[in-house]
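In what follows, a single structure is set out as structure tokens and then discussed.
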Amino acid sequence: MNRLSVSLPGLELKNPIMPASGCFGFGREYANLYDLSLLGSIMIKATTFETRLGNPTPRVAETSSGMLNAIGLQNPGLQKVLTEELPFLAQYDIPIIANVAGTLTEDYVEVAKHISAAPNVHALELNISCPNVKCGGITFGTDPVVAAELTAAVKEVSSVPVYVKLSPNVTDITTIAKAVEEAGADGITMINTLLGMRVDERTGKPVLANKTGGLSGPSVKPVAIRMVYEVRQAVSIPIIGMGGVASTQDVIDFMSVGADAVAVGTANFVDPFICPTIIEELPDYLDALGVAHISELVGRAHR
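For the sequence shown, the numbering used here puts the final residue at 306, and the numbers step up evenly by one.
Laid out in structure tokens, this is it:
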């Protein structure tokens, strides 16, 4: 028996661990370090219809409590992802979750229609939560009506299940979660980064060229845990939890509050082997907890 297997819409995962979109690119660099087939899945870098160069530099800054980034959805564009990046990943035994982004609804729809037809893409992650672009991203994710309309439009053209990535930068994340569930979302991924800023101690000016950026790392975990707990109570569709995951205990915590699987983000930059390390450690954690299968952990906090 595979004690770590997880079954989600469109995704039969050998384990619940996957790198989060934006922190793993398209896997090429990490493939030089370990076999990507060890992972449960990969959430690939956000893909837009056209090539995007991203925001001006500097666009990454460390803080005493995490990392700020304002990449701005840099990516090679749909055609290059279809003809180069996804075929590269096809050599690995792993279902891909393709992160879809855009400026207008039509952009999302066009990318979703084509990328969902790729043979190794088993699900989409609808990016309505990027805080670092002026158009698209979070502008879709802070209004429940707009979020629902976009979800429904993408669902109509996608040939694989659609997961919607939620932003923590809202007053009530459960309102957005319920809206996308009612619009047909097959699952939710959460949370994206928290909007933050760092100033240069010498000049007093923002360090990032974009002025603000998304805060990630261990400091956001308590916020993410609280939000997954709240959303688990509000919706019945699966949740892939993320936000400050850096250890096996973090995975246990996210699943306990209701996540069905867990994505690892910033920790990949600190330790590129963090995902396979967590996967290797999980069975011993299950033994210590007296758990036969990892699914028994999901939602313990609600019982």
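Beta carbons are placed, not taken as given, at the ideal position from N, Cα and C, and that holds for glycine. Computed from a prediction, not measured in an experiment: that's the story for all the values here.
Going by DSSP, what residue range makes up the alpha helix (DSSP H) through residue i?
{"i": "Lys168", "result": "Here Lys168 belongs to no alpha helix (DSSP H); instead the beta strand (DSSP E) covers Val165 to Lys168."}
{"i": "Asn271", "result": "Ala270 to Val273"}
{"i": "Pro279", "result": "Ile277 to Leu292"}
{"i": "Glu128", "result": "From DSSP, Glu128 is part of no alpha helix (DSSP H) but of the beta strand (DSSP E) over Val124 to Asn130."}
{"i": "Ile141", "result": "Ile141 to Gly144"}
Within the same chain, show all residues whose beta-carbon is closer than 6 Å to that of residue i, passing over the 5 residues directly before and after it, in chain order.
{"i": "Ser40", "result": "Tyr95, Asp96 and Ile97"}
{"i": "Leu197", "result": "Pro171, Leu218 and Val223"}
Per DSSP, what kind of secondary structure is residue i in: helix, strand or coil?
{"i": "Ala150", "result": "helix"}
{"i": "Pro61", "result": "coil"}
{"i": "Thr192", "result": "strand"}
{"i": "Arg55", "result": "strand"}
{"i": "Thr66", "result": "strand"}
{"i": "Val173", "result": "coil"}
{"i": "Thr108", "result": "helix"}
{"i": "Leu14", "result": "strand"}
{"i": "Leu76", "result": "coil"}
{"i": "Ala101", "result": "strand"}
{"i": "Ile242", "result": "strand"}
{"i": "Thr206", "result": "coil"}
Do residue j and residue i come within 7 Å of each other at the CB atom, strictly closer than that value?
{"i": "Val231", "j": "Gly247", "result": "no"}
{"i": "Met70", "j": "Thr269", "result": "yes"}
{"i": "Ser24", "j": "Ser222", "result": "no"}
{"i": "Cys26", "j": "Asn213", "result": "no"}
{"i": "Asn123", "j": "Ala155", "result": "no"}
{"i": "Ala186", "j": "Ala151", "result": "yes"}
{"i": "Leu81", "j": "Ala104", "result": "no"}
{"i": "Val183", "j": "Val157", "result": "no"}
{"i": "Lys48", "j": "Gly30", "result": "no"}
Using a Cβ-Cβ cut-off of 7 Å (strictly less than) and excluding sequence neighbours within five positions of residue i, which residues of its own chain qualify?
{"i": "Leu11", "result": "Gly190, Pro241, Asp263 and Ala264"}
{"i": "Leu289", "result": "Arg6 and Ile297"}
{"i": "Met46", "result": "Met21, Pro22, Ala23, Ser24, Ile100, Asn102, Glu128 and Ala266"}
{"i": "Ser162", "result": "Ser119 and Ala120"}
{"i": "Ser259", "result": "Leu300, Arg303 and Ala304"}
Which residues mark the beginning and the end of the beta strand (DSSP E) in which residue i is found?
{"i": "Met4", "result": "Per DSSP, Met4 belongs to no beta strand (DSSP E) and is neither H nor E."}
{"i": "Val267", "result": "Ala264 to Val267"}
{"i": "Met230", "result": "No beta strand (DSSP E) contains Met230, which is instead part of the alpha helix (DSSP H) from Lys224 to Ala237."}
{"i": "Ile20", "result": "Ile20 to Pro22"}
{"i": "Leu197", "result": "Leu197 to Gly199"}
Near residue i, what residues of its chain come up, given a Cβ to Cβ distance below 8 Å and the 5 sequence neighbours on each side ignored?
{"i": "Val160", "result": "Val112, Ala115, Lys116 and Ser119"}
{"i": "Leu85", "result": "His117, Ile118 and Ala121"}
Any 3 or more C-beta pairs closer than 8 Å across the segment 172 to 180 and the segment 143 to 152: yes
The segment 281 to 288 in contact with the segment 224 to 239 per 3-pair CB rule at 8 Å: no
At least three beta-carbon pairs within less than 8 Å, the segment 31 to 40 to the segment 55 to 65: no
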